[in-house]
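Peer 1: I have a structure I would like to understand better, so I am pasting it below and will then ask my questions one at a time.
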Amino acid sequence: MENRTCQNCKQEFRIEPEDFAFYEKIKVPPPTWCPECRMIRRMVFRNERLLFRRKDDASNKEIFSEFPASTQAKVYEKDYWWSDAWDPMEYGRNCDFSRPFFEQFRELLYAVPWPSRNIQRMTDSDYANHAGDLKNCYLCFNAGRSEDSAYLVDGYGHKNSFDITSTIGAERCYDGMSVRDCYQTFFSYACEQCREVWLSRDCIGCAFCFGCANLRNKEYYIFNRPYTKEQYFQELTQILQDGSYQALEAAKERAYKVWRQYPYKYMLSWHNRDATGDLISTSKNVKSCFNVADVEDSAYCQDIVLGVRDSYDYTNWGDMSELIYEAMGVGEKCRSVKFSFDCWPADQEVEYSYRCASSQDLFGCVALKKKSYCIFNKQYSKEDYFALREKIIRHMNEMPYTDAQGRIYRYGEFFPPEFSPFAYNETIAQDFFPLNKEAAIAKGYLWREPETREYQITVDAKDLPDHIRDAPDNIVKEIIKCLSCGKAYRVIQMELDFLRKMSLPLPRLCPNCRYLERIKHRNPPRFYRRRCTCAGSTSENGVYQNQVSHFHGSTPCPNEFETSFAPDRSEIVYCEECYQNEVA
Ligand SMILES: [Zn+2]
Ligand SMILES: [Zn+2]
Ligand SMILES: [Zn+2]
Ligand SMILES: [Zn+2]
400 MENRTCQNCK QEFRIEPEDF AFYEKIKVPP PTWCPECRMI RRMVFRNERL LFRRKDDASN
460 KEIFSEFPAS TQAKVYEKDY WWSDAWDPME YGRNCDFSRP FFEQFRELLY AVPWPSRNIQ
520 RMTDSDYANH AGDLKNCYLC FNAGRSEDSA YLVDGYGHKN SFDITSTIGA ERCYDGMSVR
580 DCYQTFFSYA CEQCREVWLS RDCIGCAFCF GCANLRNKEY YIFNRPYTKE QYFQELTQIL
640 QDGSYQALEA AKERAYKVWR QYPYKYMLSW HNRDATGDLI STSKNVKSCF NVADVEDSAY
700 CQDIVLGVRD SYDYTNWGDM SELIYEAMGV GEKCRSVKFS FDCWPADQEV EYSYRCASSQ
760 DLFGCVALKK KSYCIFNKQY SKEDYFALRE KIIRHMNEMP YTDAQGRIYR YGEFFPPEFS
820 PFAYNETIAQ DFFPLNKEAA IAKGYLWREP ETREYQITVD AKDLPDHIRD APDNIVKEII
880 KCLSCGKAYR VIQMELDFLR KMSLPLPRLC PNCRYLERIK HRNPPRFYRR RCTCAGSTSE
940 NGVYQNQVSH FHGSTPCPNE FETSFAPDRS EIVYCEECYQ NEVA
C-alpha cells in the first residue's frame, strides 16, 4: 500500500496492493491522478444528452449531432461515416520523435472525421444518442433494448416508460431513478420488483404503496402506514385527485419528508458480494464503483453494465468487456482497451484511440474499422508495429506532454481535458460535479453558452390545465415554455396517451429540467469514510425510533463504511447490519 499525491488536486490518494497487482497485470504504470480526478478527466469527454444542429462535412446538409457546430473537428453523418465511401487511412502519418506523442495525437484526432452520433440498430427512434436497439423511442440517451418510451437516460430493458434514469427493466413507469424490474411505479427511487408504487424509495417487492420508504413485500401502505385495500384507494384519490398537478406537487413534498424520517442504507446495492461504492447490483469484488451492474473484479468504474471483468477506471457501457483501463464509452465484447474513448464493438489491444471498431493492436488511431497493427492511422507489419509501439512508449516517457495547467502526461495517462471537443457544461461531469462558468474556466475547461433556438412559444407551462382530464388533444401541437429554464418543449402523442391512461398531470418542466430534478435524489460518485448514525435505540438525530434491538445494544453502532453521503448530510445513514435489522 502506498500514498501518493494527485498530480491534479494535490490531495493524497491510496494505491492498494491489489491495485498494484492490476497495473502490473495489464502492464501500465500506477496512476498519478487520484480516482476522482481520473473519473472527471474521462467524463469531460462525454456529452450524453445534448444534440446540436450542424453541417455534415461530407454532404453540406444540416444534420444533428453530439458535436456543436463550433467544434473544430470534421463531422460526417453517421451512416456515411460507417460506410466505405471514405478512408480514414488517408490521414495516416509517421510519429515525429522531436515532439510529444499527445500533441501529435491531438492533430490526428481533429483531422479525421467523426461520426455525428453514436447509435446502432434503431427502429423509429432517431432522436437519440449513445443508444442501441431502441424501437419507437424518443429523446433517449445512453439507453438500450427498449420500446415505446421517451426521455430515458442510462438504462435498458424498458417498455412504455417515460423519464426514467439509471434503471433496468421498467414497464409503464414514469419519472423514476435507480429502480429495477418495476411495473407502474411512479416518481420512485431505488425500488426493486414493485408494482403500482408511488413516490417511494428503497422498497422491494411492494405493491400499492404511496409515499413510503424501506418497505419489504408490503401492500396498501401510505406514508409507511397500513391501510385496507378500500381505504387505500379512497385515500389515494383524495391525495392525487386523479391527475391534478397541484395535488401531485403537494404529495411530493409530503413524501420527501417521510423519506427523510427513515434510515438510508449507507450504499444502494442489490445482490452483490464484496462491493463498495454506490448503486451496485449483481456484482462481485468491486471497489469504489458507481452505478454498475454485473461487474466482477473491478474498481473505480461508473455506469457499467452487462458483464464486465477485470477493469479499472472505466466509464460508460460494458457489455461483455474485460481488461479495460482508463476508457470511456467502450463496449460490446472489447478486450484490453486502454486510454481510449468511444471505441466499440469488439476491439482488442487498442490504446490511445478514438472511434475505432472491430480492430486489434492499434496505438494512437482515430476512426479505424477492422484494422490491425496501425499507429497514427498508418499500417505496419506485426513486427514493426510492436517495435514502434515500444519506441513510442519510451518517447512518451522521455518527452512527456505538458498541458495548459502544467500537468505532465507520460504513458499511462488518459487524454488531457483540453483535447475534449466539449465544454464542461455539455458533459456528464457537469451532471455530477456542477461548476459555474468562472470555476470551469479557472480549472482550464471549455465553457459554451447553451444554444438558444428561436421557437415561438405558444403556451407557458404555468398556464397548462391543472388536471390531466382538461388537457386538450391539441396540446401535442403546443410549444410549451418550461417553468424552470424557460426553454421550449413539447408533449408527444405517446406521452399524452400514457399520462391520460395513468392519470398523471402534464409535465411543467422540459425533459432536461426533469432529468436534473430527478438526479437530485442520488448522490454524486464521491465517497467518504463515515460511521453509522444508529445511536442504539434511535438514530443519532433522534428522528427515527429503531423497531428492534441491534447487535450493539443501547450504545452507538461502531461500524464504519465508505459512503456517498457526505459527512455534513442530514439523512439518517445506517450500516448494512442496522439497516437490515430495520427493514426485515
Ligand atoms: Zn485528485
Ligand atoms: Zn427546462
Ligand atoms: Zn450500524
Ligand atoms: Zn444499530
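Taken in order, the sequence shown gives residues 400 to 983; the numbers are from my numbering.
Note that beta-carbon positions come from the ideal geometry of N, C-alpha and C, so glycine has one too.
Note that the coordinates shown come from a computational prediction; the quantities given were computed from them, not determined experimentally.
(1) I'd like to know whether the C-beta atoms of residue 737 and residue 724 end up nearer to each other than 7 angstroms.
(2) For residue 470, which residues of its own chain have a beta-carbon under 7 angstroms away from its beta-carbon, when the five flanking residues on both sides are left out?
(3) Going by the C-beta, is residue 605 closer than 6 angstroms to any heavy atom of ligand 3?
(4) Measure the beta-carbon distance from residue 512 to residue 481 and round it to whole angstroms, keeping in mind my assumption that it falls under 8 angstroms.
(5) Output needed for residue 810: all residues of its chain with C-beta closer than 6 angstroms, excluding positions within five of it in sequence on either side, in chain order.
(6) Cα-Cα, which of 953, 578 and 662 is closest to residue 377?
(7) Spell out the partners DSSP gives residue 625 in its beta bridges.
(8) Is any non-hydrogen atom of ligand 1 found closer than 6 angstroms to the C-beta of residue 436, if you look at the structure I gave you?
(9) Would you say the segment 687-695 touches the segment 419-429, given that touching needs at least three Cβ pairs under 8 angstroms?
(10) Is residue 940 near ligand 3, with its Cβ less than 6 angstroms from a heavy atom?
(11) When you measure from the CB of residue 958 to every non-hydrogen atom of ligand 3, does any distance come out below 6 angstroms?
(12) Measuring CA to CA, which of 965, 904, 900 and 921 is closest to residue 930?
(13) Helix, strand or coil: how does DSSP classify residue 872 here?
(14) Just mark residue 949 as buried or exposed, buried being the case when its beta carbon has 16 or more other beta carbons within 10 Å.
(15) Look up residue 526 in the DSSP assignment and say whether it is helix, strand or coil.
(16) For ligand 6, I want to know if residue 908 counts as a neighbour, meaning its beta carbon is within less than 6 angstroms of at least one of the ligand's heavy atoms.
(17) Would you kindly check if the distance between the Cβ of residue 911 and the Cβ of residue 963 is under 7 angstroms?
(18) Let me know if residue 829 comes out buried or exposed under the rule of 16 or more other beta-carbons within 10 Å of its beta-carbon.
(19) Applying the criterion that 16 or more other CB atoms from any shown protein chain within 10 Å of the CB defines a buried residue, is residue 419 buried or exposed?
(20) Quick check on the burial criterion: 16 or more other C-beta atoms within 10 angstroms. Buried or exposed for residue 402?
(21) With a threshold of 8 angstroms, are at least 3 pairs of Cβ atoms found where one atom belongs to the segment 540-559 and the other to the segment 872-887?
(22) Please state the DSSP three-state secondary structure of residue 439.
(23) Kindly give me the distance between the Cβ atoms of residue 594 and residue 581, rounded to whole angstroms, as I take these residues to be in contact under 8 angstroms.
(24) Could you check what DSSP says for residue 675 in three-state terms: helix, strand or coil?
(25) Just to check my reading of the structure: residue 629 and residue 621 have Cβ atoms closer than 8 angstroms, yes? What is that Cβ distance to the nearest angstrom?
Peer 2: In short, the structure shows the following:
(1) Contact flag set, yes.
(2) In chain order, 820 place their CB closer than 7 angstroms to the CB of residue 470, counting only its own chain and leaving out the 5 sequence neighbours on each side.
(3) It does not: the Cβ of residue 605 is nowhere closer than 6 angstroms to a heavy atom of ligand 3.
(4) No, residue 512 and residue 481 are not in contact; Cβ-Cβ is about 11 angstroms, not under 8 angstroms.
(5) Taken in chain order, the residues that qualify are 792, 795 and 796.
(6) Residue coverage of the chain in this structure runs from 400 to 983, which leaves residue 377 outside it and unanswerable.
(7) Answer is 620, bridged to residue 625.
(8) Checking the Cβ of residue 436 against ligand 1 gives yes.
(9) Segments in contact, no.
(10) Because no heavy atom of ligand 3 lies under 6 angstroms away, the Cβ of residue 940 does not count as near it: no.
(11) Ligand 3 approaches residue 958 closely enough that one of its heavy atoms is under 6 angstroms from the residue's Cβ.
(12) Checking every option, the nearest Cα to that of residue 930 belongs to 965.
(13) For residue 872, the secondary structure class from DSSP, reduced to helix, strand or coil, is helix.
(14) Residue 949 should be labelled buried.
(15) Coil.
(16) With respect to ligand 6, the structure offers nothing, as its ligand set consists of ligand 1, ligand 2, ligand 3 and ligand 4.
(17) Contact flag unset, no.
(18) Residue burial is scored here from C-beta neighbours: residue 829 has at least 16 other C-beta atoms within 10 angstroms and is therefore classed as buried.
(19) Counting Cβ neighbours within 10 Å, residue 419 comes out exposed, since fewer than 16 surround it.
(20) Exposed, because fewer than 16 other Cβ atoms sit within 10 Å of the Cβ of residue 402.
(21) The segment 540-559 vs the segment 872-887: no contact.
(22) Here residue 439 sits in helix by DSSP.
(23) The beta-carbon distance between residue 594 and residue 581, rounded to whole angstroms, is 7 angstroms. This is short enough to meet the 8 angstroms contact definition.
(24) DSSP, reduced to helix, strand and coil, places residue 675 within a strand of the structure shown.
(25) Contact flag wrong, Cβ pair sits at about 13 angstroms.
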